[in-house]
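Colleague: Let me begin by handing over the structure; questions about it come next.
Numbering (our numbering), first residue to last: 551 to 776.
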């Protein structure tokens, strides 16, 4: 389990469970930059299930879809998460939705609103995400959640979605690595003063950002050719 061990004291004592907390160190997307590498290592060790907890579900924190086969969105009644879900595009990435702390007031309403929004957003998808109400502390409906996860995995394998998802994730990882390498290469060959000068020029309307970027990259492109 890749997540916050501080909140998992009881689970961390289970000898069959490995927990690793990983800091994002400012990386956007909700995951640490090395999460996908750690997942591969755990998979190579033959772990039955690998659970990845993100730092949240904000507007830019949806990178988990690049690493997981099944994405589970956890909502809590009374926090206005339904509005957040619309803004953040969470509806598009969720394979299973959970309304946790279902004994709280408003749980039924949250589940109903989620169902309505999913119906509006379904389009031509061949998998409709189930909405489950759980009380995690009491273990209520956790078996149903486990069944839903297995059902989604079976669906992916039966429809060819598993291979398609794997190919997309490899493509995303490759492109992310390329972007990071290009960025690192560029920054290593650029002085901080040069960046500051460009920023000042843009601020003073002496040049627009697109032209500035084009001019900035031209000598580096010559470098790459050589």
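Think of the CB as a built atom: it goes at the ideal place given N, C-alpha and C, for glycine as much as any other residue.
Quick caveat: nothing in here was measured; it's all calculated off a predicted structure.
#1: Give the DSSP bridge partners of residue 649, in chain order.
#2: Please state whether DSSP places residue 716 in a helix, a strand or coil.
#3: Under 7 Å Cβ to Cβ from residue 679, same chain only, skipping five residues before and after it: list those, please.
#4: The alpha helix (DSSP H) spanning residue 705 covers which residue range?
#5: In whole angstroms, give me the CA-to-CA distance for residue 714 and residue 616.
#6: If contact is defined by three or more beta carbon pairs under 8 Å, each pair taking one atom from either stretch, is the stretch 650 to 657 in contact with the stretch 684 to 693?
#7: Using CA coordinates, which residue listed in 604, 762 and 717 is at the minimum distance from residue 744?
#8: Where does residue 627 land, buried or exposed, given buried means 16+ other C-beta within 10 angstroms?
#9: If you check the beta carbons only, do residue 703 and residue 620 fall under 8 Å apart?
Modeller: Short version:
#1: The residue you call residue 649 lines up with position 99 of the chain shown. 625 and 683, per the DSSP bridge assignment.
#2: Numbered from 1 along the chain shown, position 166 holds the residue referred to as residue 716. In the three-state reduction of the DSSP assignment, residue 716 falls in the helix class.
#3: Here residue 679 corresponds to residue number 129 of the chain shown, with the count starting at 1. For residue 679, where only same-chain residues beyond five positions count, the Cβ hits under 7 Å are 644, 645, 646, 647 and 668.
#4: Numbered from its first residue, the chain shown carries residue 705 at position 155. It spans 692 to 709 - the alpha helix (DSSP H) in which residue 705 sits, taken as one unbroken run.
#5: Along the chain shown, one-based indexing puts residue 714 at 164. Along the chain shown, one-based indexing puts residue 616 at 66. Each residue's Cα considered, the two are about 12 Å apart.
#6: Touching, per the Cβ criterion.
#7: Counting from 1 along the chain shown, the entry for residue 744 is found at position 194. The residue from 604, 762 and 717 with its alpha-carbon nearest to that of residue 744 is 762.
#8: Within the chain shown, numbered from 1, the residue matching residue 627 stands at position 77. By the beta-carbon neighbour count (other beta carbons within 10 angstroms, threshold 16), residue 627 is buried.
#9: As a position in the chain shown, residue 703 is number 153, starting the count at 1. As a position in the chain shown, residue 620 is number 70, starting the count at 1. In contact: residue 703 and residue 620 (Cβ atoms closer than 8 Å).
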